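Only one structure is covered here, and it is reproduced in the block below.
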Amino acid sequence: RRRQEEGPDSVGSDSVPSVQNTLPHFIQEPEDAYIVKSNPIKLRCRAAPALQIFFKCNGEWVHQNEHFSHEYKDANSGLKVREVMINVSRQQVEDFHGPEDYWCLCVAWSHLGTSKSRKATARIAYLRKNFEQDPQGKEVPLDGMIVLHCRPPEGVPAAEVEWMKNDELVNPDENIDLRADYNLIISAARLSDSGNYTCLASNIVAKRRSMTAAVIVFVNGGWSLWTEWSACNVPCGRGIQKRSRTCTNPAPLNGGAFCEGMSVQKITCNAPCPIDGGWDEWTEWTVCSIQCERQRSRECNSPAPRHRGKMCEGHRLAAENCTEGLCTQSKASLSCLRVPQRCSNDVALYSGLGAGIIAVAILVVAVMLYRKNHSEYGVDVIDSSALSGGFQSFNFKTTRQGNPLLLNSSIQPDLTVGRTYSTPLCFQAGADKELFDPLPDIKVKVQSSFMVSLGVAERAEYHNKASSETFPRELSRDYCGTADRRKKGLMTLNGPVNLCTEHQRITGAFGHNGGRLVVPDTGVSLLVPHGAVPENSTWDMYMAITPPEASLQTLEGCEVLLGPEVTYGPPGLHLLSPVALTMAHCAELETAEHWNIQLKRRTQDSKWEEVMAVDDECTSCYCLMDSGSCHLLLDAPGLYALVGEPLSQAAVKRLKLAVFGALEGPTSYGLRVYCVDDTPHAFQGVVWAERSRGGQLLEEPQMLPFRANSFSLQVTIQDVPAFLWSIKPFTTCQEFSFSQVWCSNQSPLHCAFSLERFSPATAQLSCKISVRQVKGHEQILQVYTAVAESEKEPLPFFSHFPNPPSIHQRICATFDTANAKGNDWQLLARKLHLDRNLGYFAKQPSPSAVILSLWEARHQDSADLDSLASALEEIGKLHSAKSNCKDHVLLYGDDCDFNFYNSKIIVCT
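full-length UniProt numbering numbers the first residue of the sequence shown as 1 and each following residue consecutively.
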C-alpha cells in the first residue's frame with residue numbers, strides 16, 4: 001500500500017520506460033468457481049504492466065498476507081507480468097450473508113493509474129438426492145409414442161441429464177429425441193425399445209440415478225385365417241365339422257391383448273349314408289339266336305349304389321337255351337352230351353365239397369357257443385406261489401404311514417388336507433353272490449360345511465338302502481350299442497344293483513356378502529360371490545347331488561357321465577353376478593382332442609339339452625377345465641352334468657382302484673377290489689361303505705387310464721402264499737366287460753376274493769392284485785397286511801378358505817376401469833391364467849369380480865392366496881418386501897397387513 005502511495009517513482013531501474021504511460025492490462029481475470037465439499041477454491045489474476053495487484057471481496061480488501069504474488073518477464077513483449085492468487089474457503093462463503101453471491105475482483109496499479117477485473121463469484125456446489133420427477137413405466141403398443149419425463153434434483157451447478165437403457169447410454173437417432181427439458185421421446189416404439197430406463201443426473205459434486213422405469217412394447221394379438229372345414233366326424237348321419245384359427249397374426253407379445261372372438265367354429269353336417277344298389281326288373285327275352293339261346297338283362301339302378309354303397313350282387317345278363325335242348329352250341333353242353341358220365345361225376349364232387357364246408361362251419365359255431373357259455377369263470381391264472389411247491393420264504397412289510405384309511409395307520413384320519421374323496425353310496429352288487437357280494441345298508445351322517453355371511457352350518461343325514469334287483473351279465477363290446485340298450489332299459493352294469501337312491505342336499509341363506517355351499521368330500525361346491533345378492537336382501541339357496549341312475553335312460557348315443565349331476569336353486573333365482581359351480585370329472589385331458597365334452601342341463605321333460613361344449617367360447621356361460629375339476633360360471637339355476645362322448649378309441653377316462661379287506665369268519669378273510677370313476681364323489685362312497693362293514697384300505701388307491709378301445713378289464717390275484725392261504729378255484733381271475741366299466745356313470749364296480757387260512761395263528765397276508773385292461777394299461781396293488789379286527793375311524797370333515805371381501809372390493813375398484821398403465825381386468829385375467837373367452841368377462845358389469853370368483857373357485861382346496869399376490873405384484877400393484885406401506889395404500893388402504901389362514905397377501909416393513 002505504501003507503494004501505491006509512492007507512485008511509479010518507486011519502481012526499480014530495470015522497468016521499461018514505455019510502461020509509465022500505460023494502464024494495467026489483465027491477462028487473466030478471476031473466474032467463477034464452485035467449492036466442492038470442503039476444498040477451497042483458488043482465484044488468480046495476471047496483469048501487465050502492474051506494480052501491485054490486490055483482491056477485493058464483497059467490497060473489502062483482502063489482507064496482504066493472504067495474497068500469493070509472482071512476477072516474471074513476458075518473453076514476447078518484454079513486459080513484466082505480475083500474477084496474484086488467493087484462496088477462498090467454504091467457511092468464508094458460508095459466513096457471508098449478502099444480497100448476492102460471494103464475489104471477488106482484482107485491482108491492479110501502474111504509474112498511470114488502476115484497473116479493475118471482472119467480478120468472479122464463489123458458490124458452494126451440491127446436488128440433492130431426490131429427483132423432482134422420476135420417469136414412470138409405460139406399456140405402449142408397437143409403433144406407439146413413448147414419452148419419459150425426468151426432472152433432475154436441484155443442484156449447483158445445474159445437473160446435466162443423460163438417459164440409460166439397461167445400464168447402457170442411450171444415443172439419440174432419428175427415432176429417439178433427447179429434449180432440452182430432459183425428456184426422452186421415442187417417436188415410434190419398436191420391440192427393441194423395451195427395457196429398463198434410468199435418468200442419470202450429474203454435476204461436479206455427484207451423480208444421481210432416478211427410479212427405474214420399465215418400458216414394455218407390447219403387440220396385440222391378431223387372428224390368422226380360418227382353416228378349411230374339417231371332414232364330418234361321423235361316417236353316416238348328423239355330425240360336426242370344425243374349423244379353427246390361431247391368435248398368431250401376430251401372436252400377443254409382452255402382455256398384449258389376446259384376440260377377441262372364438263378360436264373354433266362348429267357347424268352341423270349330414271354325412272350321406274351308403275346306399276346299396278338294387279336290380280331293376282329283367283327285360284324281356286330276346287328272340288332265339290342262331291346259337292340256340294336267348295338273353296335278357298337288368299341294370300343296377302333301383303337304386304343305383306351311392307356314397308360308398310355296395311354294388312348289386314348277381315349277374316347283369318342271363319341266357320338260356322331256347323329249343324328245350326334240341327339244339328346246343330356251347331362247348332360245355334356238347335361235351336356233356338358226349339360224355340354224360342363225366343358230368344355226373346363233377347356234380348358229385350362239388351356236392352361233397354359243399355357238405356364238408358357246412359360241417360366245418362357248424363363245428364366252429366358249436367365250439368364258440370360252448371366257450372361263451374363256459375367263460376363265466378374267466379381264465380384261472382397260476383401265480384408264482386404254486387411254482388415253489390408251497391415252500392417259499394417271504395417278508396411282510398409294515399403298513400405305509402400317512403393315509404388315514406390304511407390298516408394300522410399310526411395317525412388319525414384327516415381328509416381335510418391334500419387329496420380328499422367323498423361320495424354318497426352308489427355300489428354295484430353282483431348277480432353271483434360268491435364273486436360280487438352285495439353291500440349292506442348304511443347310514444351316513446355328513447357335516448355340511450359352507451360359508452355364508454352369518455356362518456350358518458347345519459347337519460344333513462342321508463339314508464341309502466340296497467335293492468334286491470339283479471341284472472344279466474352278458475353285454476356287447478360295442479359301447480355305442482351298449483348305450484342304446486341302456487337307454488331302452490335292457491342294459492345294466494356288471495349285474496349290479498345301484499344302492500344310491502337319495503340326493504345329497506345342502507342349504508344356506510346368503511346375503512350381500514355372499515358365501516359358499518360345499519358338499520363335503522365330493523369335489524362339488526357352489527360359490528356365491530360378494531355382491532351377487534342385492535343389499536338388504538337374502539336368498540335361501542340349495543345344492544344337491546343327484547343319484548346317477550336317474551339319467552341313465554336319457555343320455556344319448558355313446559355319451560357317459562364324467563362327474564356327478566349337480567343341482568342348485570331355487571328356480572327363479574336372480575343374482576347380480578354369476579355363481580361359480582365346481583365339480584370333479586374323470587376325463588383324461590391329455591387326450592382331450594379325442595373327447596367331445598359338453599355341459600348339459602336337464603330340462604323339465606327330463607331330457608338333456610346342450611349348454612356349451614367345453615372347448616367353445618360363448619358369452620352365456622364360462623367353463624374352465626382343470627385336470628381333475630371343472631369350474632363353471634352360471635346364471636341360470638338347474639341340474640347340470642358334464643357329459644363326454646369319445647371321438648376315437650384313444651379317448652381315456654381315469655379309474656380309481658382300491659382294495660379293502662376284512663375278516664369274514666374265524667379263518668376266512670375277504671378282499672374286495674373296487675373300480676370306480678376317479679372323482680372324489682364316487683370314491684368316498686366306497687370308503688364310507690367299507691367303514692360300515694369293518695373294511696380297511698390295504699393299499700394306496702391307484703389310478704388306471706381306461707381307453708375307449710372296447711376291451712374288458714381283468715382283475716387277478718397273484719402270489720398268495722400257498723402254504724398259509726387257500727383260495728376258491730376258478731376265482732383268481734375275474735373280469736368286467738368294457739361296457740360295465742365305460743358306462744358305470746359314477747357307480748362303483750367291485751369283485752371279491754375269499755381266502756381261507758389253514759391255521760388261526762396265521763396273522764399276515766401278502767399278495768398282489770393285478771388290474772389291467774386288455775390291450776391297455778395295468779396297475780399292481782401290492783397287499784401287505786395284518787389280519788386283525790380294527791376300530792372304525794371317524795368320518796372326515798371338509799374345510800375351505802374365503803377370499804376376504806375387503807381385498808375383493810379393492811381389487812375390483814382398481815382393475816374394472818382401464819388406466820394409463822393398462823392395469824385393467826384383461827391384464828388381471830392374463831396374470832391369473834384365465835384369459836380364455838375374454839368376451840364372457842367383457843359382458844359382465846364387474847369383470848374383475850367374476851374373474852376373482854373363478855380364481856377363488858379354482859383354488860378353494862389349496863388356499864393359494866400367494867398366487868394372487870404374485871399376480872398383483874407382477875402387474876405392479878405390489879412391490880418387493882423392502883417397500884414401505886405408503887406404496888400400497890392406493891390398493892389396500894391404510895391396513896397393509898392381511899393374514900388369512902397363515903397366508904399373507906402383503907407384509908410391509
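We treat Cβ as the ideally placed atom computed from N, Cα and C, and that holds for glycine. Computed from a predicted model, the values in this text were never measured in an experiment.
Distance, residue j Cα to residue i Cα
| i | j | result |
| --- | --- | --- |
| P729 | R858 | 50 Å |
| R810 | R516 | 21 Å |
| G221 | P141 | 11 Å |
| H574 | D635 | 8 Å |
| V519 | V579 | 16 Å |
| D824 | Y784 | 57 Å |
| S606 | D616 | 25 Å |
| T543 | L581 | Note that residue 543 is Met in the sequence shown, not Thr. Rounded to the nearest angstrom, the two C-alpha atoms are 10 Å apart. |
| L178 | E160 | 12 Å |
| I357 | E313 | 22 Å |
| T227 | K266 | 12 Å |
| W608 | D540 | 26 Å |
| A849 | P135 | 32 Å |
| T522 | T619 | 29 Å |
| D95 | N76 | 43 Å |
| C292 | S351 | 29 Å |
| V720 | Q773 | 22 Å |
| E60 | K73 | 30 Å |
| M625 | L148 | 43 Å |
Span of the alpha helix (DSSP H) around residue i
| i | result |
| --- | --- |
| F753 | Per DSSP, F753 belongs to no alpha helix (DSSP H); it is in the beta strand (DSSP E), L749 to R757. |
| V93 | R90 to D95 |
| I176 | Premise fails: I176 lies in the beta strand (DSSP E), I176 to L178, not in any alpha helix (DSSP H). |
| Q773 | No alpha helix (DSSP H) contains Q773, which is instead part of the beta strand (DSSP E) from Q764 to Q773. |
| G839 | L838 to A842 |
| Q740 | F738 to W742 |
Coil, strand or helix - residue i by DSSP
| i | result |
| --- | --- |
| I185 | strand |
| A361 | helix |
| V850 | helix |
| W855 | helix |
| K831 | helix |
| D521 | coil |
| E139 | strand |
| D866 | helix |
| G670 | strand |
| H681 | helix |
| H808 | helix |
| Q291 | coil |
| N254 | coil |
| Q28 | strand |
| Q702 | strand |
| F218 | strand |
| D193 | helix |
| G352 | helix |
| V720 | coil |
| A662 | strand |
| I506 | strand |
| W279 | coil |
Continuous beta strand (DSSP E) stretch holding residue i: start and end
| i | result |
| --- | --- |
| R44 | I41 to A48 |
| Q782 | E778 to A786 |
| W608 | W608 to A613 |
| N321 | L317 to N321 |
| E565 | E565 to G569 |
| L624 | Y622 to M625 |
- Query: When the Cβ atoms of the segment 656 to 665 are set against those of the segment 606 to 617, are three or more pairs found closer than 8 Å?
  - Reply: no
- Report yes or no: do the segment 694 to 704 and the segment 633 to 646 share at least 3 C-beta pairs separated by less than 8 Å? no
- Item | At least three beta-carbon pairs within less than 8 Å, the segment 289 to 305 to the segment 264 to 279 | yes
- Message: Counting beta carbon pairs with one atom in the segment 112 to 120 and one in the segment 186 to 194, are three or more of them shorter than 8 Å?
- Response: no
- Does the segment 684 to 692 come within contact of the segment 561 to 575, defined as at least 3 CB pairs closer than 8 Å? no
- Task: Pick out the complete alpha helix (DSSP H) segments inside the segment 223 to 268, 4 residues or longer, and give them in chain order.
- Result: none
- Are the segment 133 to 151 and the segment 215 to 232 touching by the rule of at least three beta carbon pairs closer than 8 Å? yes
- Item | Inter-stretch contact (C-beta, 8 Å, three-pair minimum) for the segment 21 to 28 and the segment 55 to 65 | no
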